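Worksheet: one structure, shown below.
Numbering (our numbering), first residue to last: 23 to 136.
Have a look at this one:
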């Protein structure tokens, strides 16, 4: 019917923020690293181009959960790194808990083993 892509997109984008927070909880990263890690660690289920991650990262920065810093790389070029701050860590813990509760509830209703 053509709606399968929309369903998948909504689910993926709905949890992208949580996955970004998880990756940043491990270490500071720049956007290309985040995109690469998402693709590799989810077996390409979350295979984003780096540019697609700027909006969720911008929202996380605006909400005071993530901080940015620029570091000089080769020559006069800068790379922007993202850092999960203390407020973001607390928020991420709450998001993980809520996600686990929701996923468990969905699994109970869906009974995936049938």
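Even glycine gets a Cβ: it sits at the ideal position worked out from N, Cα and C.
In this text, all values refer to a predicted model and were calculated from it rather than measured experimentally.
Next item on the list: Taking residue 107 as the reference, give the member of 37, 40 and 46 with the closest Cα.
Entry: 46
Margin query: Is the separation between the beta-carbon of residue 38 and that of residue 78 shorter than 9 Å?
Written below: yes
Next item on the list: Can you give me the Cβ contacts of residue 105 inside the same chain, cut-off strictly under 8 Å, excluding the 5 residues immediately before and after it?
Entry: Counting only Cβ-Cβ distances below 8 Å, and skipping sequence neighbours, we find 46, 50, 88, 89, 90 and 91.
Check: Under the three-state reduction of DSSP, which class applies to residue 106: helix, strand or coil?
Finding: strand
Note to self: Applying the 10 Å Cβ sphere with the 16-neighbour rule, what's the burial state of residue 100?
What the structure shows: Answer is exposed; the Cβ neighbour count stays below 16.
Note to self: I'd like the span of the alpha helix (DSSP H) that includes residue 88, first residue to last.
What the structure shows: Element bounds for residue 88: not the alpha helix (DSSP H) but the beta strand (DSSP E), 88-94.
Check: Contact check, residue 41 vs residue 60 under 8 Å by CB: the rounded distance?
Finding: About 6 Å separates the Cβ atoms of residue 41 and residue 60, confirming a contact at the 8 Å cut-off.
Notebook entry, point to check: Using DSSP with H/G/I as helix, E/B as strand and the rest coil, what is residue 85?
Noted result: coil
Next item on the list: Can you tell me which of the three DSSP states residue 99 falls into?
Entry: coil
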